[in-house]
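This report concerns only the one structure given below.
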Amino acid sequence: MFLSCGRRGLWAAARRGLGLRLIATTADIATKTLPLISRRQPQHSESSEESWVDSESDQQYSLRWQGAGPQTVLLVKKSDSAAVDSALVSITRWLHDTYPQMNIVLEPLVFTQYAGQLPFIRTIAAGDHLEYSRVVDLVITLGGDGTFLHVSSLFQREVPPIVPFSMGTLGFLLPFNVADFQPQLRNVIEGTSTVLPRMRLAYAKRLSDGSLGSRMNVTNEACIHRGTYPHLTTVSCYLNGHLLTTSVGDGIIVGTPTGSTAYSLSAGGPIVHPLVSSIVVAPVCPRSLSFRPLMLPSSSRVTLLVHPKSRGRATAFIDGRDFGELKHAECVEITRSPYPLMCVNRDDLAAGWAQDINQLLKFNRTFSYPHDSLYGSHIPDDDDY
3 MFLSCGRRGL
13 WAAARRGLGL
23 RLIATTADIA
33 TKTLPLISRR
43 QPQHSESSEE
53 SWVDSESDQQ
63 YSLRWQGAGP
73 QTVLLVKKSD
83 SAAVDSALVS
93 ITRWLHDTYP
103 QMNIVLEPLV
113 FTQYAGQLPF
123 IRTIAAGDHL
133 EYSRVVDLVI
143 TLGGDGTFLH
153 VSSLFQREVP
163 PIVPFSMGTL
173 GFLLPFNVAD
183 FQPQLRNVIE
193 GTSTVLPRMR
203 LAYAKRLSDG
213 SLGSRMNVTN
223 EACIHRGTYP
233 HLTTVSCYLN
243 GHLLTTSVGD
253 GIIVGTPTGS
263 TAYSLSAGGP
273 IVHPLVSSIV
283 VAPVCPRSLS
293 FRPLMLPSSS
303 RVTLLVHPKS
313 RGRATAFIDG
323 RDFGELKHAE
333 CVEITRSPYP
343 LMCVNRDDLA
353 AGWAQDINQL
363 LKFNRTFSYP
373 HDSLYGSHIP
383 DDDDY
């Protein structure tokens, strides 16, 4: 639908000699296709004990769709990359040719770049984040982990399934190669894929009247840090309302299993498997040598308070973004979010995760054995030791 005015309709100046034209938005999309996500049925072994273990440990889910499948797909890309630009055009054209009834949506700035080349695309008005939640059935990301985090910021409530293609620097969260996009997307659209729910945190600042401010979802970590201030900051950490410790240092990180391979890892925190439902608390350069990282139950409520006698200031950072200074005696509360990221994943999560921490993070790489591991892909037995 082309709109000449109204809340979502926008006039756009010409790009690349197109002349004055109207922007196609998602305003006329009235329905949303809901995914049907259910616990994947485990393959039971002959042993009843092993069968019980399988059923308890398999926390991946099968993805199906109501009706004919997803009707509106959002593509989010990394900027300033010729390879990503080429992949975007290829995927968008393939989607349009293969599923002509599908609405293909790009973010506003990306839309202006491709509106002439891809006349069938749509966009969402800048700043209208509620519209993403209203119409988008499926998200495709082309980029790195930063692109993945950006998608999380667009959806502050339920998140549609995300298909992440690795085209960035590291790509630890991105299981798929863009060269194989056709079979991967066909599996997702036709409902034969596996979904991994990645836990998010809910962050809220406690206001002066004692109430909590608006909650924000956190994918990697929330960090209370001294920022650019030269002195160490003093932060008290409470667990379910009880004082856990008071830290003097650069700050404290509260992170997710997904974020355990990000800033928390650099601060000495543990690598946490994405199926381990937990909250990681890790100090950043503490003055005490005995403050070690902690793994807490995901049901925990963590409160970080800037100590009234702290010499240094503190700034709140969420997934690397500056969310402003916290004054003395101000605090934030962090709990598990009810809105996880539903990420399309490999069918064999265990093999993929082990491969990623070895190949991407160089897990336990030593000077003596510069190759992937001491035994390669072979599982060692007693004779190997």
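Quick note, the sequence shown lines up with residues 3 to 387 if you use the numbering used here. Backbone N, C-alpha and C define an ideal beta-carbon position, used for all residues, glycine too.
Secondary structure of residue 252 (DSSP, three-state): strand. If only uninterrupted beta strand (DSSP E) runs of at least 3 residues are considered, those enclosed by the stretch 198-252 are 203-208, 218-220, 223-227 and 235-241. DSSP lists 40 and 196 as the bridge partner or partners of residue 64. With contacts defined by Cβ atoms closer than 7 Å, residue 282 and residue 271 form a contacting pair. Contact fails between the stretch 94-103 and the stretch 208-227, because fewer than three Cβ pairs, one in each stretch, are under 8 Å apart. Here residue 136 carries a helix assignment [DSSP, helix/strand/coil]. Bounds of the beta strand (DSSP E) holding residue 166 are 164-168. Beta-bridge pairing by DSSP links residue 324 to 319. Residue 338 sits buried, since 16 or more C-beta atoms from the chains shown fall within 10 Å of its C-beta.
Residue 295 is positioned such that its CB atom lies no closer than 7 Å to that of residue 251.
The C-alpha of residue 191 is placed about 42 Å away from the C-alpha of residue 208. If you draw a straight line from the Cα of residue 90 to the Cα of residue 220, it is about 27 Å long. With respect to the C-alpha of residue 124, the residue from 28, 324, 174 and 167 having the closest C-alpha is 28. Going by beta carbons, residue 166 and residue 143 fall inside the 7 Å limit.
Judged by DSSP secondary structure, residue 288 falls within the beta strand (DSSP E) whose first and last residues are 280-288. Cβ-Cβ distances below 8 Å link residue 310 to 330 and 331 in the same chain, with the five nearest sequence neighbours on each side left out; the list follows chain order.
Taking a contact as a CB-CB distance under 8 Å, the pair residue 346 and residue 163 counts as one, their CB atoms being some 6 Å apart.
Cα atoms of residue 99 and residue 106: separation of roughly 12 Å, rounded to the nearest angstrom.
For residue 150, the secondary structure class from DSSP, reduced to helix, strand or coil, is helix. A direct Cα-Cα distance of roughly 36 Å separates residue 149 from residue 245.
Note that the C-beta distance between residue 155 and residue 235 is not below 7 Å. The criterion of a C-beta distance shorter than 7 Å is not satisfied by residue 62 and residue 36. The continuous beta strand (DSSP E) containing residue 334 extends over residues 333-338.
The alpha-carbon of residue 349 is positioned some 10 Å away from that of residue 198.
Here residue 184 is exposed. Its C-beta has fewer than 16 other C-beta atoms within 10 Å. Around the Cβ of residue 324, a 10 Å sphere holds fewer than 16 other Cβ atoms; the residue is exposed.
Partner residues in the beta bridge of residue 297, as assigned by DSSP, are 282. Beta-bridge pairing by DSSP links residue 364 to no other residue.
DSSP lists 74 as the beta-bridge partner residues of residue 105.
Residue 32 carries a coil assignment under DSSP once its states are collapsed to helix, strand and coil.
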